[in-house]
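Under the numbering used here, residues 1 to 428 are what the sequence shown spells out, in order. Ideal placement from N, C-alpha and C gives every residue a C-beta, glycine not left out. Only one structure is covered here, and it is reproduced in the block below.
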Amino acid sequence: MKYFSRNTAFGSERVLMIPRRMTILLCAALAACAPQEVVRSTAPEAPATVAVAQPAPPPPVVALPYGDAVKLAARDLFTKAKLPDGQSFNLVIDPLVDGTTGMQSVATVAMEQQVTEIVANNYPRYQVKPFNSANLAAAPLVFIGTFTPINLQGKASGERDAYRVCFALADLKTGKIVSKGFARSQTDGIDPTPLPYFRDAPLWVNDKIVEGYIKTCQGTSAGDPINAAYLDKVSVVAGIDEATKAYNNRKYKDSLALFTALLRNPAGDQPRVHTGIYLSNAKLGRRNAAMQEFSKMASQGMGAKRLAVKFGFQNGGSALAKDQNPYDSWLKELASVSSKLAKTSETCFEVGGHTGRGGSEPLNERLALQRAEYVKQRLLAVHKDLANVITTKGYGSSEALVATGKGDPFDSLDRRIEFKSTQCPTKS
């Protein structure tokens, strides 16, 4: 580098001499660092890409040990109940049921006992009273609940991994739901064995009152009205419970008298009552009287568009099992009821075969269809006029209700033959 001296007002100074080539390079570098003028293109700009936030996945369903789940659902129910402060309330418990089948089981009885203890120990403003007609007449709070096998996605289908506990508190004075409580329970330690009345019942009917009970628990929110089908018949539910307990305790004469007495009330003309009369007569050896009730039950079920018959089949076969149930008599009554409805209301029927969840599904569907065809042929042997009225279908285990897959009496309802009313084909 070369320097030269020059005189200024402040004295002499040395000045660096930069060669021309270096000057050009330095200027180019400085220009690159300087702010640049923005030159806009005449072409339209590409639309900006906006990142859309994906919704967070739902939190996993947590299933608690059975006892903890019941405590959580009860606490959820009673702590959220909007009732006047400083008052006590009478409370009756309408026996809890399976939320899919409407049956009572060892598990639902145990849950009711636990709820009674929880109320007594933790919620003194509620006085638990016996579930009877006299206490119901005073329009108390009614505790109802369902215990439903579900999968961990919360659906009552597929393989059941857990149970959904649903509690509801209903006020008979206002006709409204006071509070709700929910929890998920693990399956360990739960005994789903149906109580004798429900185990022995030959038919599973689409009972509107039981359905109303379940809907009141599962299909409402606090402040909603109690399901009308349940509320309108609540006057007889305590009597049904008393008669059912007599049957479960093998007091068949008492259960027959109690069930029969309920028919004096128009609200007592319902499937549960006729089922009790059938079962009590059957246990007492009164076969003709039992089959008269079977016919009434079948008429009610088919009239309600859905009726399931708990036929017992030979293991892996389509023929009926050789047990103590009077299957021949059942088939005779079912054929007569079907024929009568077909003539009077131009109703046709689908006879659907169902199986439990064991085995491969293609085999289940084939076996279910074979059983449905077998039943159809047995019905035609009684009433040939049903040939153009009945169709068959094999569902396999796709609509299993109990879904334990054990193949024992506890999931016999899964191996049902189901009658569904259908629209008859139009005649050309």
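Coil, strand or helix - residue i by DSSP
i    : result
L26  : Caution applies to L26, whose pLDDT of 36 falls short of 50 and renders its modelled position unreliable; the model cannot decide the point.
K420 : strand
A168 : strand
E333 : helix
K393 : strand
P44  : Note on P44: pLDDT 48, under 50, position unreliable in the model; the coordinate value appears next. If DSSP states are grouped into helix, strand and coil, P44 belongs with coil.
P225 : strand
F410 : helix
L386 : helix
L262 : helix
A32  : Bear in mind that a pLDDT of 42 at A32, under 50, signals an unreliable position, so the model cannot answer this.
T426 : coil
S398 : coil
G358 : coil
G268 : helix
L83  : coil
A120 : helix
Q113 : helix
K208 : helix
A403 : coil
K251 : coil
Start and end residues, alpha helix (DSSP H) containing residue i
i    : result
A229 : A228 to L231
P362 : E361 to V382
A298 : R287 to G303
K430 : Coverage of the chain is limited to positions 1 through 428, which leaves residue 430 absent and any answer about it impossible.
S318 : Segment: none, S318 is in no alpha helix (DSSP H) and carries neither H nor E.
K135 : First, the amino acid is wrong: residue 135 is Asn here, not Lys. Residues S133 to A137.
Among the options, nearest to residue i - alpha-carbon criterion
i    : options                   : result
N481 : K173, G145 and R160       : Residue 481 lies beyond the stretch modelled for the chain, which goes from 1 to 428, so this question has no answer here.
Q324 : K305, A120, S179 and G285 : G285
Q104 : D200, S295 and E418       : D200
L256 : A267, P266 and D241       : D241
T392 : A400, L401, R378 and R184 : R378
F410 : V106, A74, I118 and G175  : V106
V92  : S179, T193, A238 and E293 : A238
V165 : G312, A381, A138 and V70  : V70
A110 : T146, N132, S88 and F89   : T146
L172 : F182, R415, N90 and P95   : N90
A170 : I190, T187 and F143       : F143
S397 : P194, D414 and A308       : D414
K420 : K129, G312, E399 and K305 : K305
R287 : S329, S338, L307 and A261 : S329
P84  : T100, R75 and Y126        : Y126
P435 : E112, A289, G303 and T344 : In this structure the chain extends from 1 to 428, so residue 435 is not present and cannot be described.
S88  : T108, A63, K180 and V119  : V119
A319 : A290, S185 and Q370       : Q370
P461 : F294, Y66 and V236        : Here the chain covers residues 1 to 428 and nothing more, so residue 461 does not appear.
A228 : K80, K176 and K310        : K176
H383 : A289, G99, S339 and T426  : S339
T187 : P196, S179, A162 and L195 : A162
T220 : A321, P425, S179 and L386 : S179
N206 : E350, T100, E117 and T108 : T100
S133 : T148, K233 and F182       : K233
Extent of the continuous beta strand (DSSP E) to which residue i belongs
i    : result
S235 : From DSSP, S235 is part of no beta strand (DSSP E) but of the alpha helix (DSSP H) over V234 to N248.
H274 : Taken as a continuous stretch (DSSP letters only), H274 belongs to no beta strand (DSSP E), being part of the alpha helix (DSSP H) at P271 to K283.
N90  : F89 to I93
E346 : First-last for E346: undefined, no H or E at that position.
Opposing strand residues paired with residue i [DSSP bridges]
i    : result
I214 : In the DSSP output, where bridge partners are listed per residue, I214 has none listed.
Y126 : F89
S179 : L169
T146 : V97 and C166
P194 : S105
V309 : L203 and I417
V351 : T392 and F419
S338 : Answer by DSSP bridge pairing: none, since S338 is not bridged.
S185 : L64 and Y163
L141 : L91 and D171
Problem - the stretch 238-251 / the stretch 213-224 touching (three or more Cβ pairs under 8 Å) - result: Touching, no, given that fewer than three Cβ pairs across the two stretches are closer than 8 Å.
Practice task
Please determine if the stretch 350-370 and the stretch 283-299 are in contact, where contact requires at least 3 C-beta pairs separated by less than 8 Å.
Solution key: Taking 8 Å as the limit for Cβ pairs, the verdict is that the stretch 283-299 does not touch the stretch 350-370.
Problem - Three-pair Cβ contact test at 8 Å for the stretch 357-364 versus the stretch 317-335 - result: At 8 Å Cβ cutoff, the stretches do not touch.
Practice task
Evaluate the contact criterion for the stretch 200-209 versus the stretch 271-280: three or more CB pairs, one atom per stretch, below 8 Å.
Solution key: Contact holds between the stretch 200-209 and the stretch 271-280, because three or more Cβ pairs, one in each stretch, are under 8 Å apart.
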